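Q: Per my numbering, residue 1 is the first one in the sequence shown, and the count goes up by one each step.
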Amino acid sequence: MTPIDRDAVHPDAVPTDASNSVRPAVASPAVAHPAVAHPDAARPGPFGSTDGAPVIELRDVEKTFVVRRRVGRFRRARTEVRAVAGLTFQVGHGEMVGYIGPNGAGKSTTIKMLTGILVPSGGVLRVAGVEPARERLRLARRIGVVFGQRTTLWWDLPLRDSFGLLRRIYKIPDARFRENLDRFVDLLDLGPLLEVPVRQLSLGQRMRGDIAAALLHDPDVLYLDEPTIGLDIVSKVKVREFLRDLNRTRGTTILLTTHDLTDIEQLCSRVMVIDHGRVMYDGSLDGLHSIGESERTLVVDLAEPQPAIEVAGATVVRVDGPRQWLAFPAAASAAPLVAAIADRYPLADLSIQEPAIESVIARMYASSSV
Ligand SMILES: Nc1ncnc2c1ncn2[C@@H]1O[C@H](COP(=O)(O)OP(=O)(O)OP(=O)(O)O)[C@@H](O)[C@H]1O
1 MTPIDRDAVH
11 PDAVPTDASN
21 SVRPAVASPA
31 VAHPAVAHPD
41 AARPGPFGST
51 DGAPVIELRD
61 VEKTFVVRRR
71 VGRFRRARTE
81 VRAVAGLTFQ
91 VGHGEMVGYI
101 GPNGAGKSTT
111 IKMLTGILVP
121 SGGVLRVAGV
131 EPARERLRLA
141 RRIGVVFGQR
151 TTLWWDLPLR
161 DSFGLLRRIY
171 KIPDARFREN
181 LDRFVDLLDL
191 GPLLEVPVRQ
201 LSLGQRMRGD
211 IAAALLHDPD
221 VLYLDEPTIG
231 LDIVSKVKVR
241 EFLRDLNRTR
251 GTTILLTTHD
261 LTDIEQLCSR
271 VMVIDHGRVM
281 YDGSLDGLHS
291 IGESERTLVV
301 DLAEPQPAIE
311 VAGATVVRVD
321 GPRQWLAFPA
331 AASAAPLVAA
341 IADRYPLADL
351 SIQEPAIESV
361 IARMYASSSV
């Protein structure tokens, strides 16, 4: 998914209405920051709306881009791309929702509308009681955004200075800033990195810095765009643990776009599949797996080569020396399977491979029940 940044505006894009439908991002960092006082004192409630009201609300939201392409030497053809085609959904206070779909499905366009960078061509969209495109700066105080593939930190500054700049931009009260910083430094292991310029950080270190930066001003809603892409296992685990803790302790609402189904499995009780700019599925990950009858794979390393493992609920699909691959229904729990195998075979190691999101969605389409 393409991050929101200076390049967010497609070079071919022409606004579909005359009123500046593409709002350019402000200077670095890429996400708009408010130039007004930190709102803690003035906030009516955690989400500025009555209890039980959705934090994110879309009704029949559309986004159409007009693209002009060169045809031959002199002619230009005008085509319309309907990136989002009538999206309707709500996200409640404190939910963690996975927002997935194939390339070009409209995920990035949705997030850009939710941050106010793009103006919808039609429909109603509200985040934390605010209409994003109309009140982008007001909204910026209520949301945090993290992009896996692009940093919103200042490239040449040490992490500590980036955080300090954000404190000034958001006018975060000193005590709150220190409290948040201490907590994030501790939970995300940022201590040794604070004096290091962002450009010298590894991807995993930079991602942890970006997550802390997005949360210093206590946003109610966090958008995460591929937060674990390219990270090693240890960093992935740390990031997921942190997000779980954030959601549990602060009730932060999280909308997560990812191609890693393990992110969804470990973080989100709800998943939305979007394709052709529409919601194709909205429910649990297990429900999605069972519609498409998708499979996970248990990779078992035995202490020594053995004939194919025989166990109820799984089928060996490949054997290579002491390693065996067993397919089992993705909606089933792996625990009894692992226990049954461990009981009868000498195990050296095992891991679980999730199906690719694309294959889950393909199976969903193939199923006649959708
Ligand atoms: N600025 C733009 N101008 C013209 N077309 C655009 C623009 N931005 C996106 N599109 C088109 O809108 C459709 C949805 O794109 P979008 O980036 O929202 O998809 P996505 O689900 O985020 O995909 P990916 O995971 O590949 O980033 C695609 O057909 C894309 O080419």
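The beta-carbon is built from N, C-alpha and C at its ideal position, and this holds for glycine as well.
Given the structure is predicted, the values throughout are model-derived calculations rather than measurements.
Exposed or buried, which one is ILE357 when buried takes at least 16 other CB atoms within 10 Å?
A: Translated into the one-based positions of the sequence shown, residue 357 becomes position 357. That one is buried.
Q: Just to confirm before moving on: does the CB-CB distance between ARG244 and LEU267 stay below 8 angstroms?
A: In the sequence shown, the residue the question calls residue 244 occupies position 244. In the sequence shown, the residue the question calls residue 267 occupies position 267. Going by C-beta atoms, ARG244 is nearer than 8 angstroms to LEU267.
Q: Give the C-beta separation of LEU285 and ILE56 to the nearest angstrom, bearing in mind that I take them to be a contact with Cβ-Cβ under 8 angstroms.
A: Along the sequence shown, one-based indexing puts residue 285 at 285. Along the sequence shown, one-based indexing puts residue 56 at 56. Contact flag wrong, Cβ pair sits at about 19 angstroms.
Q: Tell me whether THR115 counts as near ligand 1, meaning its Cβ is closer than 7 angstroms to at least one heavy atom of that ligand.
A: If you number the sequence shown from 1, residue 115 lands on position 115. No, the Cβ of THR115 stays beyond 7 angstroms of every heavy atom of ligand 1.
Q: Using a Cβ-Cβ cut-off of 6 angstroms (strictly less than) and excluding sequence neighbours within five positions of TYR365, which residues of its own chain qualify?
A: The residue labelled residue 365 in the question sits at position 365 within the sequence shown. Correct list: empty, nothing qualifies.
Q: Since I believe MET113 is in contact with SER269 (beta carbons under 8 angstroms), could you give me their beta-carbon distance rounded to a whole number of angstroms?
A: Along the sequence shown, one-based indexing puts residue 269 at 269. Along the sequence shown, one-based indexing puts residue 113 at 113. Not a contact, Cβ separation roughly 24 angstroms.
Q: In the DSSP assignment, what are the bridge partners of ARG208?
A: Position 208 of the sequence shown holds residue 208. None; ARG208 has no bridge partner.
Q: Quick one: residues in its chain with C-beta nearer than 6 angstroms to the C-beta of THR315, no 5 flanking neighbours on either side, listed in chain order?
A: Residue mapping note: residue 315 aligns to position 315 of the sequence shown, counting from 1. So the qualifying residues of the chain are ALA327.
Q: Within 8 angstroms, do at least three Cβ pairs link the region 205 to 216 to the region 236 to 243?
A: yes
Q: Might you give, ordered along the chain, the residues of its own chain that have their beta carbon closer than 8 angstroms to the beta carbon of PRO219, omitting 5 neighbours on each side?
A: One-based indexing of the sequence shown puts residue 219 at position 219. Excluding sequence neighbours, PRO219 sits near ARG141, ARG142, ILE143, GLY144 and THR252.
Q: Would DSSP call SER121 helix, strand or coil?
A: The residue you call residue 121 lines up with position 121 of the sequence shown. Note: SER121 maps to coil in three-state DSSP.
Q: Look up GLU57 in the DSSP assignment and give the residues it is bridged to.
A: For the purposes of this step, residue 57 is taken as residue 57 along the sequence shown, with counting starting at 1. Per DSSP, GLN90 and ARG126.
Q: Note the first and the last residue of the continuous beta strand (DSSP E) segment covering GLU295.
A: One-based indexing of the sequence shown puts residue 295 at position 295. For GLU295, the enclosing beta strand (DSSP E) begins and ends at 295 to 302.
Q: For ARG136, which of GLU354, GLY116, MET280 and THR88 has the nearest alpha-carbon?
A: Within the sequence shown, the letter at position 136 stands for residue 136. Nearest option by C-alpha distance: GLY116.
Q: Considering only heavy atoms of ligand 1, does any lie closer than 7 angstroms to the CB of THR109?
A: Along the sequence shown, read from residue 1 onward, the residue named residue 109 stands at position 109. Flag set: Cβ of THR109 near ligand 1.
Q: Closer than 7 angstroms to a non-hydrogen atom of ligand 1 - does that hold for the CB of ALA83?
A: For this step, residue 83 is matched to residue 83 along the sequence shown. Checking the Cβ of ALA83 against ligand 1 gives yes.
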